[in-house]
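*Asks:* Protein chains in written order, with our numbering: chain Y, 1432 to 1938; chain R, 48 to 234; chain H, 7 to 233.
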Amino acid sequence: MRPPAATVAFGLRTRLVLAFLLVAAVSAVTTAALTYREARNAVLTRAQDTAVVSFREEAERFVPGLPLDPDGLRWHLYDIAARAKPHPWIVFAEYGSVRASSGDRPVSGVLTEELRRAARTSPNGSFERVVKDGKAYLTIGMPVLTRVVAGGRAVPSGLVLYAVMPMTNEEVDIDALVTAARDGALPGLAVALVPALLAARSVLRPVRALRRAAHSMGGGRLDTRIPVRGRDEMADLARTFNESAARLEHSVQELRDAGGRARRFASDVSHELRTPLAGMLAVADVLDEDAGELGPDTARAVRLISAETTKLAVLVEDLMEISRFDARAAELTTDEVDAAESVRNTLSDRQWLGRVRTELPDGFRIRLDPRRFDVVVANLVGNALRHGAEPVTVRLSKRGDALVTEVRDCGPGIAPEALPHIFDRFYKADDARSRSTGSGLGLAIAEENVTLHGGTLRAENVPGGGALFTVELPFEGPTSGSGGPDGPAAGEGSEAADSRGVKRSGR
Amino acid sequence: MFRTRRAGLLAALLAVVAWGPLVGCGVQETAVIDAGRPAVADLLPPREGRMLLFFYSPSGELLPVPRIVEAPWPVPAEGADGPDARAAVTALLAGPDTAERRAGLRSAPSLPRSASAADRVVTDGPTVEVRLRLRVARLPAPARDQLVCTAAFAAHAQGAVSVSLVGQDERLAPADCPLRPVPAPVR
Amino acid sequence: MPRVLLVEDDRSVREGIELGLRRLGHEVLATATGEAGLEALGAFRPDLLLLDLMLPAMNGVQVCHRIREAGQLPIIMLTARGDDGDIVLGLDAGADDYIVKPARAEIVEARIRAVLRRAEDPAGARPPVEHHGELTVDRAAHTVLRSGAPLPLAPSELKLLLHLSAVPEQVFSRQRLLKEVWELSYHSDVRLVDACVRRLRIKIGEPPGAPRYIQTLRGLGYRFGPL
Chain Y
1432 MRPPAATVAF GLRTRLVLAF LLVAAVSAVT TAALTYREAR NAVLTRAQDT
1482 AVVSFREEAE RFVPGLPLDP DGLRWHLYDI AARAKPHPWI VFAEYGSVRA
1532 SSGDRPVSGV LTEELRRAAR TSPNGSFERV VKDGKAYLTI GMPVLTRVVA
1582 GGRAVPSGLV LYAVMPMTNE EVDIDALVTA ARDGALPGLA VALVPALLAA
1632 RSVLRPVRAL RRAAHSMGGG RLDTRIPVRG RDEMADLART FNESAARLEH
1682 SVQELRDAGG RARRFASDVS HELRTPLAGM LAVADVLDED AGELGPDTAR
1732 AVRLISAETT KLAVLVEDLM EISRFDARAA ELTTDEVDAA ESVRNTLSDR
1782 QWLGRVRTEL PDGFRIRLDP RRFDVVVANL VGNALRHGAE PVTVRLSKRG
1832 DALVTEVRDC GPGIAPEALP HIFDRFYKAD DARSRSTGSG LGLAIAEENV
1882 TLHGGTLRAE NVPGGGALFT VELPFEGPTS GSGGPDGPAA GEGSEAADSR
1932 GVKRSGR
Chain R
48 MFRTRRAGLL AALLAVVAWG PLVGCGVQET AVIDAGRPAV ADLLPPREGR
98 MLLFFYSPSG ELLPVPRIVE APWPVPAEGA DGPDARAAVT ALLAGPDTAE
148 RRAGLRSAPS LPRSASAADR VVTDGPTVEV RLRLRVARLP APARDQLVCT
198 AAFAAHAQGA VSVSLVGQDE RLAPADCPLR PVPAPVR
Chain H
7 MPRVLLVEDD RSVREGIELG LRRLGHEVLA TATGEAGLEA LGAFRPDLLL
57 LDLMLPAMNG VQVCHRIREA GQLPIIMLTA RGDDGDIVLG LDAGADDYIV
107 KPARAEIVEA RIRAVLRRAE DPAGARPPVE HHGELTVDRA AHTVLRSGAP
157 LPLAPSELKL LLHLSAVPEQ VFSRQRLLKE VWELSYHSDV RLVDACVRRL
207 RIKIGEPPGA PRYIQTLRGL GYRFGPL
C-alpha cells in the first residue's frame, strides 16, 4: 500500500517546502539584489559627485594663469592634489602639447581617449569610471574656462585638468554590501524553512487524513468520513470526499440489498418448489410402475414426468445448497477420515467403481467434512463421465501439507474460452449439451465446498488431451487462520467422536 | 525522469535569479558621463598687461593666448582707432613666440607670416575694419578666424564686435569671432 | 408389512408419501398435525412413526419427546436439508433416523426397513446373554438390563449397543457405524451416531465426562469398553 519510490523521494511535503523556500529565496535574493544595487549606486554616486564638485572647486582655486609656465604648472597641480576629496587623486593637466601631473608620470594610462575628447570638445566637465588591471578608478575631465575680463564672460582657455581617483574604498564598501546581502539572505532562507515546514504540515495533515480515509474506504469501511474544519480548499475537498463516500455507501448498500434480495428470492423459490416436489417425487415411482399398463403415448408422458421430476428435485437441491453458500449458512462438520476410503465409498455408492480408474494410496488421513468431500468428488467425477471421455482417473497424492485429488478424463478437454468460466453457475461450455443430466451447478458447488475447506480447485487441459481438475485440501482441515471474516464458530457436539461443527462463509 | 529534469530546471532558474544581480557586483566601468559645468577662473592677465592672440592648439582648437606686454598700453576708448588692435594683429601675424610654440600653439598654415602686413585698424561703431597688405579673398577660414578674433578681442573686451578684413584685393564682409564668450557660470 | 403413522402438514407431501408407501404394501395412517398423530397412536398402534419436523402447532421435536416418554416407537424424521439445527434437536429427542425431503417412496421405504430390521448378530458364535459390568445384554431377546432392570432403548440405540458390545474393545469409525448399524452410506451424517451415543450414555447411566461402556477415541471413533 506504499506509493512508488519516486513519489516518496519527491513527496508533497518536499515539494511544498521547496516551493516555499523557492519563493523565500527569490524574494530574499531579489530584495537583496535591489537593495545592493541601490546602495552601490548611492555609494558610487556620492563618491563621484563629491569628487567632481571638489575637483572643480580646487581647480578653480588653484588653476595656473596664462600664459602657462610649464615649470610652475606642477606646483599648482600639487595644490589641487593635496585637497583631494573624498579620496586621494592624481591631477593631470593638458594645455596644447604641454603635459604635467601631480604624480610621477606626466601622462596617465587610465585616462581614456573618449574622456579626453569629451573634455576638449564639450563645454561641460565629464567623468568616467574605468577598471584597469582589476582596479576601479574614477576619472574626471574638467575643461577650464577663463573669463575674458574679471567678472565677465568666459571662453575656453585650452587648459584641461584631469583627476584620477582610485575607488578602492568604494570597492571595499561594495564588497561588504555583497557579503551583507549574502549573509542576510542565507540565514533568512534557513529561517524560512521553519514556516515552510509548518505550512507543509498544516497542508499535509488534511491530506494525510484524506489518505487514511481513502485507505479505510478501500478496505471496505464505507462509513468512513473526514471531519470538516474551516472553509478552505481542504475543507471543500473533505466535504466532497464525504459526499462521495456517502453516495458510494448508499450505492453499495443498494447493490448489497439488491444482491441480498436476489439471493433470498432464489432461496425462497427453491424452498417453495421443494414442498410440491416432495409430493411429486414420492409418487414418481408409482407412475413408473404403472406406466406399462397405460397406452404408449400416455406411458411416455408419464415416464417423462417421472424422470424430469427427479431432475427437478436434484436441481432444486443444488439451488438450495448454493443459496446456503451465498447466505454464508453452509456448515462444515469435519471428521478425520481416510481419503482413499472416502473416495472409494463415493465411487461405490454411485456404482462408478467399474468406470473409473483409481490410484488411491492408503494412509492419507485428512480432516474434512466427509459429506462435502463426497459431493466434490462425485461432482467432479460425474462431470468427467458426462462431458469427458472414459477412462476417467481419480488420483490421490500429497503435496506439502495438502491432499491433492486429481480427476482426469480423456475427452476433448475444455474449450480455452470456457476455462475461466468453468466454475460459474449454470455455465454451459457447449451449447449442444446444454440440457445434460447435470443441474449446471455441480462444479460451482464443488468449488464452494473446496473453498469452505480452505482449499483450492483448478481446472486445466492436459497436454495429452482431456481435462484435469485438481483439488487441494489442507490435511489439518480449515484452520482459523485461513477462515473468512466470520471465523469458525464454536464447535458443537463436544461429546462427538472428534467431529467439529465449523460454520464458515461460503465465499 | 521528467520530474527530476523539472527540478533541475528549477534549481538553474533559482541560481540565475539569485546570482544574476550579484554577478555584476563590484564597481563597473561607465561610459563618459557629463559632470556639469566646467571650471571657470580668471586665467588671463589684466587687459592692460596683455595682448590676446588667437592660435590653434595641436588638436585644432582656436584658443585665446595672452601675451604679456612690457609697457602697459592705455586701454583705448570705445570706437577709437587705437594702436592696440593694430599691435595685436601685427603680433599675430608675427606668429607664436618660443614659449607658445613650445606649448604646441601655432597659426593656421595659410596665415602669412608677415608682421608688416598689418596696415591699420579702424573702428567704426560695432564694426572694426582691419586693413591688411595682403590678398584676403583667398584667405581660408582658419586664418580669417585668427585675424577676426584677435582684432575683435583687441577692440572690445568681450570681443563683441564684427570685424571686416580689407585686403589689397577686396574687402570681406564683416564677420564675428567664432569663439563667443559664454556667460560665466555662477558659483 | 409394517404399519406406518405419517405426520406431515403439507397435503401434497402427505398424500404422496402415503400413496407411495401404500403401493409398496404398507398400512399407512396420515395425520396433518402432531396432536392428531399422538391421538392416533393408541388406536392405530403403528410399528413406526414418520414425523415431519416442521409442524404448525406442536412441532416434530416436541412430538418426539412426548413419544419417547411413553415408549420406544421407532421414529424417522422427515426434514429439509438445511434445517440442521432442528435435525440435531430431533435426534437428541430420540429420533432414530431422518430423511431429507424430497425423497422417492423407495428411499423412504428403505429407511423404514433399515430402522425396523433387527440387529444381526455379527459374531454368531457369541453366547446369547452377556454381562458387561452392570449391563446384561440379551441378544436373543433383544433386551438390555441394567442392574436387572430392563432399559427402554429405541431401536437405533439398541442396535448400536448390541453392535459395539458384540466386539468389545474394537474401535468402530463413525462412518463404519453408519454403514453397519444405520445401513447408510459412508458419507452420511455422523451426527446420527453422535446423537445416538449421547442418548445411550444417558440411558445406561454413564457418568458425564467419563464414559465407561461407550468410549470415544478422538479421531478414530467409538468402542465398547474395556470396563
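Just so you know, even glycine gets a beta-carbon here, dropped at the ideal spot from N, CA and C. None of these values were measured; they are calculated from a predicted model.
Would you please state the rounded distance, in angstroms, between the beta carbons of Y/Ile-1511 and Y/Val-1529? I believe it to be under 8 Å.
*Replies:* Within the first sequence, numbered from 1, the residue matching residue 1511 of chain Y stands at position 80. Within the first sequence, numbered from 1, the residue matching residue 1529 of chain Y stands at position 98. That belief does not hold up - the Cβ atoms of Y/Ile-1511 and Y/Val-1529 are roughly 16 Å apart, past 8 Å.
*Asks:* Quick one: using the 10 Å Cβ neighbour count with 16 as the cut-off for buried, is Y/Thr-1476 buried or exposed?
*Replies:* As a first step, residue 1476 of chain Y must be located in the first sequence, where it is residue number 45. Y/Thr-1476 comes out exposed.
*Asks:* What would DSSP say about R/Ala-188, mapped onto helix, strand or coil?
*Replies:* Mapped onto the second sequence, residue 188 of chain R falls at position 141. R/Ala-188 falls in the helix class under three-state DSSP.
*Asks:* Taking the alpha-carbon positions, what's the R/Thr-170 to R/Leu-212 distance?
*Replies:* Along the second sequence, one-based indexing puts residue 170 of chain R at 123. Along the second sequence, one-based indexing puts residue 212 of chain R at 165. The straight-line gap from Cα to Cα measures roughly 12 Å.
*Asks:* Okay, do the region 178–195 of chain R and the region 141–156 of chain R touch, 3+ Cβ pairs below 8 Å being the bar?
*Replies:* Look at the beta carbons and you see the region 178–195 of chain R touching the region 141–156 of chain R: at least three pairs across the two are nearer than 8 Å.
*Asks:* How long is the line joining the alpha carbons of H/Gly-154 and Y/Ser-1698, rounded to whole angstroms?
*Replies:* Here the question's residue 154 of chain H lines up with position 148 in the third sequence. Here the question's residue 1698 of chain Y lines up with position 267 in the first sequence. Approximately 53 Å between the Cα atoms of the pair.
*Asks:* Can you tell me the Cα-Cα spacing of Y/Thr-1789 and Y/Ala-1849, whole angstroms?
*Replies:* Along the first sequence, read from residue 1 onward, the residue named residue 1789 of chain Y stands at position 358. Along the first sequence, read from residue 1 onward, the residue named residue 1849 of chain Y stands at position 418. Using only the alpha carbons, I get a separation of about 27 Å.
*Asks:* If you check the beta carbons only, do Y/Phe-1854 and Y/Leu-1816 fall under 9 Å apart?
*Replies:* Translated into the one-based positions of the first sequence, residue 1854 of chain Y becomes position 423. Translated into the one-based positions of the first sequence, residue 1816 of chain Y becomes position 385. Y/Leu-1816 is positioned such that its CB atom lies no closer than 9 Å to that of Y/Phe-1854.
*Asks:* Can you find a C-beta in chain Y that's less than 9 Å from the C-beta of R/Gly-55?
*Replies:* Locating residue 55 of chain R in the second sequence gives position 8, counting from the first residue. At least 9 Å separates the CB of R/Gly-55 from every CB of chain Y.
*Asks:* Show which residues of chain H have a CB atom less than 9 Å away from the CB atom of Y/Asn-1776.
*Replies:* The residue given as residue 1776 of chain Y occupies position 345 in the first sequence. Within 9 Å Cβ-Cβ: Gln-181, Lys-185, Ser-191, Tyr-192 and His-193.
*Asks:* Under 9 Å, Cβ to Cβ, is there at least one residue of chain Y near R/Asp-128?
*Replies:* For the purposes of this step, residue 128 of chain R is identified with residue 81 of the second sequence, where counting begins at 1. Note on R/Asp-128: pLDDT 43, under 50, position unreliable in the model; no value is reported.
*Asks:* If you follow the alpha helix (DSSP H) that H/Gly-91 is in, where does it begin and where does it stop?
*Replies:* Sequence index remark: in the third sequence, residue 91 of chain H carries index 85 (1-based). Where H/Gly-91 is concerned, the enclosing alpha helix (DSSP H) stretches over 90–98.
*Asks:* Less than 6 Å between C-beta atoms, sequence neighbours within five positions excluded: which residues of the same chain meet that for Y/His-1818?
*Replies:* By one-based count along the first sequence, residue 1818 of chain Y stands at place 387. Within the same chain, Y/His-1818 has no close Cβ partners at all.
*Asks:* Quick check: the Cα distance between H/Arg-124 and H/Tyr-228, rounded to an integer number of angstroms?
*Replies:* Indexing the third sequence from 1 puts residue 124 of chain H at position 118. Indexing the third sequence from 1 puts residue 228 of chain H at position 222. So the two alpha carbons sit approximately 21 Å from each other.
*Asks:* Does the distance from the C-beta atom of Y/Leu-1443 to that of Y/Leu-1641 stay below 9 Å?
*Replies:* As a working mapping, residue 1443 of chain Y is identified with position 12 in the first sequence. As a working mapping, residue 1641 of chain Y is identified with position 210 in the first sequence. Their beta carbons are not under 9 Å apart, which means Y/Leu-1443 does not touch Y/Leu-1641 by this criterion.
*Asks:* Roughly how many whole angstroms lie between the Cα atoms of Y/Ala-1473 and Y/Ala-1455?
*Replies:* Counted from its first residue, the first sequence places residue 1473 of chain Y at position 42. Counted from its first residue, the first sequence places residue 1455 of chain Y at position 24. Going by the C-alpha atoms only, they are around 26 Å apart.
*Asks:* Comparing the C-beta of Y/Val-1825 with each C-beta of chain H, is any distance below 9 Å?
*Replies:* Your numbering for residue 1825 of chain Y matches position 394 in the first sequence. Judged by the 9 Å Cβ criterion, Y/Val-1825 is not in contact with chain H.
*Asks:* My output table needs one value for R/Phe-102: the three-state DSSP class, helix, strand or coil.
*Replies:* In the second sequence, counting from the first residue as 1, residue 102 of chain R sits at position 55. Correct three-state label for R/Phe-102: strand.
*Asks:* Please report how far the alpha carbon of Y/Leu-1874 lies from the alpha carbon of Y/Val-1747, in whole angstroms.
*Replies:* By 1-based counting over the first sequence, the position of residue 1874 of chain Y is 443. By 1-based counting over the first sequence, the position of residue 1747 of chain Y is 316. A straight line joining the alpha-carbon of Y/Leu-1874 with that of Y/Val-1747 spans about 15 Å.
*Asks:* In the DSSP assignment, what residue or residues form a beta bridge with H/Gly-227?
*Replies:* As a position in the third sequence, residue 227 of chain H is number 221, starting the count at 1. Answer is H/Leu-223, bridged to H/Gly-227.
*Asks:* Checking contacts by CB at 9 Å: is R/Pro-230 closer than that to chain Y?
*Replies:* Taking the first residue of the second sequence as 1, we reach residue 230 of chain R at position 183. It does; some Cβ of chain Y falls within 9 Å.
*Asks:* Closest to Y/Ala-1470 by C-alpha separation, out of Y/Glu-1601, Y/Val-1483, Y/Pro-1498 and Y/Leu-1743, would be which residue?
*Replies:* The count along the first sequence starts at 1 and reaches residue 1470 of chain Y at position 39. Selected option, being the one with the closest Cα: Y/Glu-1601.
*Asks:* Closer than 7 Å between beta carbons: that is the criterion. Which residues of the region 165–177 of chain H meet it against chain Y?
*Replies:* none
*Asks:* List the residues of chain R whose Cβ lies closer than 7 Å to the Cβ of Y/Arg-1487, in chain order.
*Replies:* Counting from 1 along the first sequence, the entry for residue 1487 of chain Y is found at position 56. Correct list: Ala-86.
*Asks:* Do we get a CB-CB distance below 9 Å when we pair Y/Tyr-1526 with the residues of chain R?
*Replies:* Locating residue 1526 of chain Y in the first sequence gives position 95, where the first residue counts as 1. Closer than 9 Å to some Cβ of chain R, the Cβ of Y/Tyr-1526 qualifies, so yes.
*Asks:* Cβ of R/Leu-100 within 9 Å of Cβ of Y/Val-1579?
*Replies:* Along the second sequence, read from residue 1 onward, the residue named residue 100 of chain R stands at position 53. Along the first sequence, read from residue 1 onward, the residue named residue 1579 of chain Y stands at position 148. Result no, Cβ atoms of R/Leu-100 and Y/Val-1579 do not sit closer than 9 Å.
*Asks:* Assign R/Ala-164 to one of two classes, buried (16 or more other C-beta atoms within 10 Å of its C-beta) or exposed (fewer than that).
*Replies:* As a first step, residue 164 of chain R is located in the second sequence; it is residue number 117 there, counting from the start. The residue in question, R/Ala-164, is buried, as its Cβ has 16 or more Cβ neighbours within 10 Å.
*Asks:* Taking just the CA atoms, how far does Y/Pro-1658 sit from Y/Ala-1669?
*Replies:* On the first sequence, position 238 is the one that residue 1669 of chain Y refers to. On the first sequence, position 227 is the one that residue 1658 of chain Y refers to. Approximately 7 Å between the Cα atoms of the pair.
*Asks:* Distance, Cα to Cα, H/Leu-168 vs Y/Pro-1851?
*Replies:* The sequence position of residue 168 of chain H within the third sequence is 162, counting from 1. The sequence position of residue 1851 of chain Y within the first sequence is 420, counting from 1. Going by the C-alpha atoms only, they are around 53 Å apart.
*Asks:* With a 10 Å radius around its C-beta and 16 neighbouring C-beta atoms as the bar for buried, classify Y/Ser-1633 as buried or exposed.
*Replies:* Taking the first residue of the first sequence as position 1, residue 1633 of chain Y is located at position 202. Its Cβ having fewer than 16 others within 10 Å, Y/Ser-1633 is exposed.
*Asks:* Flag R/Ala-124 as yes if its beta-carbon sits less than 9 Å from any beta-carbon of chain Y, otherwise no.
*Replies:* By 1-based counting over the second sequence, the position of residue 124 of chain R is 77. For R/Ala-124, the predicted model reports a pLDDT of 48, less than 50, meaning its position is unreliable; a value from the coordinates is still stated below. By this cut-off, R/Ala-124 is not an interface position.
*Asks:* Have a look at H/Ile-23 and Y/Pro-1894 and give me their C-alpha separation to the nearest angstrom.
*Replies:* Numbered from 1 along the third sequence, position 17 holds the residue referred to as residue 23 of chain H. Numbered from 1 along the first sequence, position 463 holds the residue referred to as residue 1894 of chain Y. Using only the alpha carbons, I get a separation of about 51 Å.
*Asks:* If you check the beta carbons only, do Y/Ala-1676 and Y/Ala-1631 fall under 9 Å apart?
*Replies:* As a first step, residue 1676 of chain Y is located in the first sequence; it is residue number 245 there, counting from the start. As a first step, residue 1631 of chain Y is located in the first sequence; it is residue number 200 there, counting from the start. Going by C-beta atoms, Y/Ala-1676 is not nearer than 9 Å to Y/Ala-1631.
*Asks:* What are the residues of the region 8–22 of chain H that lie near chain Y, defined by any Cβ-Cβ distance shorter than 7 Å?
*Replies:* Flagged, chain order: Asp-16, Ser-18, Val-19, Glu-21 and Gly-22.
*Asks:* Give the single residue among H/Ala-146, H/Asp-103, H/Arg-119 and H/Glu-140 whose Cα lies nearest to the Cα of H/Pro-134.
*Replies:* The count along the third sequence starts at 1 and reaches residue 134 of chain H at position 128. Considering only alpha carbons, the answer is H/Ala-146.
*Asks:* To the nearest angstrom, how far is it from the Cα of Y/Arg-1613 to the Cα of Y/Val-1457?
*Replies:* In the first sequence, the residue the question calls residue 1613 of chain Y occupies position 182. In the first sequence, the residue the question calls residue 1457 of chain Y occupies position 26. One C-alpha to the other measures close to 13 Å.
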